[in-house]
Structures are given as C-alpha cells and as structure tokens.
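With full-length UniProt numbering, letter number 92 in the sequence shown gets 92, and the count goes up by one each step, no holes.
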Amino acid sequence: MATITKGAASLLSVGGAGAIGTGIYLAEPFKTKKVSISNIVENQETFTLLKGEDAKWADAWKNYQSKNKGKKKGEDSWKLTDWVGDSSSIGTAFKSECNKRLSLEVSGEEDPLFKEFRDLCMRKTTVTDKLEKEGYEFLKTDNSNDSLWTTNFQNYKTAKPEEKVVGIEIAQSEVHSDNTHLTKFKNACQSAVSKAIDEVSYLNTKRWCAKKK
C-alpha cells in the first residue's frame with residue numbers, strides 16, 4: 001500500500017479548499033444525476049407515450065419480437081410472463097412492462113435504457129398530438145367548416161413557398177367553388193396532420209388545417 005509523504009500529509013491538513021485547489025482531494029467521486037423515464041417522457045416533444053388502444057402498439061410489439069427472435073419463455077429481454085415468441089397478439093404483459101418502466105431512473109435521453117424504452121413504448125408525435133396539447137383541432141371535413149376551408153384555400157394559393165406544407169398543392173387554375181378541388185385540399189390537410197412533427201412544418205400545417213377549439 002502506498003504511504004502518504006509528510007509533504008502530502010501537510011498539504012491535505014491545510015483544509016478542503018486548498019486540497020481541492022491542488023486536485024488531491026477526491027473523496028467524493030463525480031456522480032451522474034439520474035432522472036426517471038417518466039420525467040423525460042413528460043418533456044418529450046418528438047415522441048409520445050403509447051397508451052390505450054393506440055394502433056402503434058402493434059409496431060412496438062413487432063419490434064420487441066424482432067429483438068427477441070428465437071428466444072424461449074424466460075429468455076426474452078423483459079422476461080414477459082406471456083412471452084410466446086411469434087404470437088401476433090400483444091398481450092397484457094408487454095403493455096404493463098412499459099408502464100412499470102416509467103419509474104426507472106436513467107442518466108438522460110442517451111442512456112441505452114431510455115433508448116430501449118423509446119423504441120418499444122413510444123411512437124413519433126404527430127401533428128394531431130401537438131394540436132390537441134395546444135388546444136387546437138383539425139378542421140372537420142363536413143360542411144360545418146366550409147367557410148374557413150374556402151378562406152384557407154384562397155389564401156394558400158397566394159402564400160409564399162416557405163408558408164406552405166409539403167404535400168399540399170393547389171394549382172392556380174383550381175377554384176374552391178369546384179367541390180373536387182376543395183375536397184383535394186381537405187384530404188391533403190388530413191394527411192398532413194397525421195404525419196410526425198419532424199416530417200412536416202407544424203406551424204404551417206396548424207395555420208392551414210386547424211383551428212382553436
């Protein structure tokens with residue numbers, strides 16, 4: 001065992017501040033602050049937690065099956081009680097495990113444990129998701145919003161390129177009085193709000209395809 005020289009002992013006895021200044025005092029190791037997965041989820045914008053009967057559960061389950069292909073019961077990564085490998089039925093254990101893992105603590109979004117959770121228990125946030133959080137809603141495609149659809153249609157035709165939405169095109173020859181043209185605009189908007197917020201301009205989509213509740 002290494003011994004402390006008199007000089008070092010004297011230096012250490014000077015006090016914590018002096019010892020820290022020289023880089024000798026290392027009794028308290030650096031600790032990475034941990035945070036719960038649920039806390040990260042609450043502050044996530046690009047991804048949304050899977051809940052209830054969300055259709056994306058099916059994709060998450062296929063992902064889990066792929067990661068555990070060929071593994072028998074008790075060998076899969078989460079040791080699900082109802083794991084049978086190639087079953088197309090999600091079962092309750094998988095969803096329950098996602099819920100349980102919300103309380104796990106990780107070092108941040110780059111922590112492998114959180115990345116695994118994100119891949120299996122979350123999905124991309126859609127424009128519709130964000131609209132609802134902000135108190136907006138997609139314009140109904142029935143006749144109840146036709147006046148607003150008509151106004152948006154006309155204004156969209158003269159909008160600058162940077163104000164438009166990828167996938168929503170209105171030719172100068174098209175007119176709102178032609179139901180086919182107006183329906184085309186509505187359908188394009190409906191497609192846009194179903195996309196992930198990193199695939200289209202959220203602000204532009206909200207401007208042309210939604211309204212305050």
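A virtual CB, placed ideally from N, CA and C, is assigned to each residue, including glycine.
Only a predicted model underlies this, so the values are computations on that prediction, with no experimental measurement involved.
Counting only unbroken stretches of 4 or more residues, the alpha helix (DSSP H) elements lying wholly within the segment 33 to 81 are 37 to 42 and 57 to 67, in sequence order. Only exposed fits Thr-180, as fewer than 16 other CB atoms lie within 10 angstroms of its CB. Cβ atoms of Phe-185 and Phe-153 come within 8 Å of each other, at about 5 Å. Residue environment for Thr-126: buried (at least 16 other C-beta atoms within 10 angstroms of its C-beta). Under the 10 Å beta carbon count, Leu-131 is surrounded by 16 or more other beta carbons and is classified as buried. In this structure, the CA atom of Lys-211 is about 22 Å from the CA atom of Thr-46. Pairwise C-beta distances place the segment 100 to 112 out of contact with the segment 169 to 180, as fewer than three of them are shorter than 8 Å. Here the alpha carbon of Ala-192 sits roughly 8 Å from the alpha carbon of Ile-168.
Straight-line measurement puts the Cα of Val-41 at about 27 Å from the Cα of Arg-207.
Secondary structure at Thr-125: coil, using DSSP grouped into helix, strand and coil.
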